[in-house]
Amino acid sequence: MPEFARSTLDALRQPLESGEVHISRAALQVRFPSRFQLVAAMNPSPCGYYQGQQLRSNPDQILKYLGKLSGPFLDRFDLSVEVAELPKGSLTQHAQGESSAMIKQRVINARKLQLERSGKLNSQLSGKELHQHASLSLENSEFLESSISQLGLSARAFHRVWRLARTIADLKQQKDIQRNDIVEALSYRAMDRLLKRLSA
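Per our numbering, residue 8 is the first one in the sequence shown, and the count goes up by one each step.
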């Protein structure tokens with residue numbers, strides 16, 4: 008992702024937020040529907056590592072590399088995960104887990120639940136609709152707000168984590184959002200944690 012120009016990436020901010028593309032010319036303004044899912048990948052540094060013996064980039068080079076991604080752009084990602092190095096032997100071993108068919112059925116069930124509850128997917132809920140369809144207990148609301156503050160995240164990230172926690176609960180077919188759903192949703196903010204660690 009950082010191989011693209013920052014201006015190009017920032018041009019995606021509006022359609023990611025509103026699901027529309029606005030084109031303005033001298034005498035004409037046009038809006039096009041543009042609801043899409045952005046999936047992106049990147050290295051944590053120019054050399055591909057940010058710690059360990061393989062690291063060949065200094066902190067300034069890493070921050071310059073990551074600086075191609077603006078905070079408001081990164082804020083619009085619901086999920087950001089770090090892919091850890093594979094442990095030795097994992098390429099030759101076959102771990103057993105959920106099948107794709109089982110995961111697909113859980114996703115179908117969760118989407119159905121969301122549409123029945125609010126008439127739309129959780130990702131499309133406004134702040135007001137979150138209070139109506141994805142309410143948090145006072146303790147969980149305070150926990151989420153405190154966590155967002157500690158991570159130095161924005162109000163936009165607060166609502167994105169909240170929506171994601173509701174989706175995690177839906178995947179489990181839970182009526183209410185539990186503390187562990189919020190913790191899991193917060194765990195999917197790997198870029199925020201990386202930037203905080205590097206700038207400390």
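C-beta: ideal position from N, C-alpha, C; glycine also.
Predicted, not measured: the structure shown is a model, and the values here were computed from it.
With a threshold of 6 Å, establish whether the CB of residue i neighbours any heavy atom of the ligand ZN.
i: SER161; result: This structure lacks the ligand ZN; in fact it carries no ligand of any kind.
Spatial neighbours of residue i within its chain, please: C-beta separation below 6 Å, excluding the five flanking residues on both sides.
i: TYR56; result: LEU62
i: VAL33; result: This sequence places Ala at residue 33; Val is not what is there. So the list is empty, once near-sequence residues are dropped.
With distances taken Cα to Cα, identify the nearest neighbour of residue i among the options.
i: LEU151; options: LEU19, GLY78, PHE39, ARG186; result: ARG186
i: VAL90; options: PHE11, PRO51, LEU45, LEU98; result: PRO51
i: GLN131; options: ASP17, PHE11, PHE80, SER25; result: SER25
i: ARG124; options: THR174, ALA18, ARG42; result: THR174
i: SER194; options: LEU178, LEU158, ASP183, ASP177; result: LEU158
i: ARG83; options: LEU19, ARG204, LEU35, HIS101; result: LEU19
i: GLY78; options: ALA48, LEU45, ALA164, ARG38; result: ALA164
i: PHE39; options: VAL46, ALA47, ILE30, LEU45; result: ILE30
i: TRP169; options: LEU202, ALA141, GLN100; result: ALA141
i: LEU201; options: VAL88, LEU145, GLY104; result: VAL88
i: MET49; options: GLN60, PHE11, GLN58, GLY59; result: PHE11
i: ARG204; options: PRO66, LEU98, SER106; result: PRO66
i: LYS182; options: GLU149, GLN121, LEU160; result: GLN121
i: ALA112; options: PHE43, LYS179, GLN44; result: Looking at the sequence provided, one finds Gln at residue 112 rather than Ala. Checked all of PHE43, LYS179, GLN44; the closest Cα to GLN112 is LYS179.
Could you check whether residue j and residue i sit closer than 7 Å to each other, using their CB atoms as the reference points?
i: ARG196; j: ASP85; result: no
i: ILE189; j: ASN147; result: yes
i: SER14; j: GLU27; result: no
i: PRO9; j: LYS75; result: yes
i: ALA172; j: ILE184; result: yes
i: LEU16; j: MET198; result: no
How would you label residue i, buried or exposed, when you count the other beta carbons within 10 angstroms and need 16 or more for buried?
i: ALA108; result: exposed
i: ASP177; result: buried
i: LEU93; result: exposed
i: LEU143; result: buried
i: HIS36; result: In the sequence on display, residue 36 carries Gln and not His. It counts as exposed.
i: ALA117; result: buried
i: ILE115; result: exposed
i: ILE155; result: buried
i: LEU98; result: exposed
Excluding the 5 residues flanking residue i on each side, which residues of the same chain have their C-beta closer than 8 Å to its C-beta?
i: ILE53; result: For the sequence presented, residue 53 should be read as Pro rather than Ile. The answer, listed in chain order, is SER64, GLN68, ILE69, TYR72.
Can you tell me where the alpha helix (DSSP H) holding residue i begins and where it ends?
i: ARG118; result: 107-125
i: PRO79; result: 78-81
i: LEU19; result: Here LEU19 belongs to no alpha helix (DSSP H), and DSSP marks it neither H nor E.
i: LEU193; result: 186-194
i: PRO40; result: First-last for PRO40: 35-40, but that is the beta strand (DSSP E), not the alpha helix (DSSP H).
i: SER161; result: No alpha helix (DSSP H) holds SER161; DSSP gives it neither H nor E.
Could you check whether the Cβ of residue i sits closer than 7 Å to any Cβ belonging to chain C?
i: LEU151; result: Protein chains in the displayed structure number just one, and chain C is not present.
Considering residue i, what are the terminal residues of the beta strand (DSSP E) in which it resides?
i: GLU136; result: First-last for GLU136: 134-140, but that is the alpha helix (DSSP H), not the beta strand (DSSP E).
i: ILE30; result: 27-32
Take residue i and list the residues in its own chain whose beta-carbon comes closer than 7 Å to its own, dropping the five residues that flank it on each side.
i: GLY134; result: HIS166
i: GLU136; result: SER125
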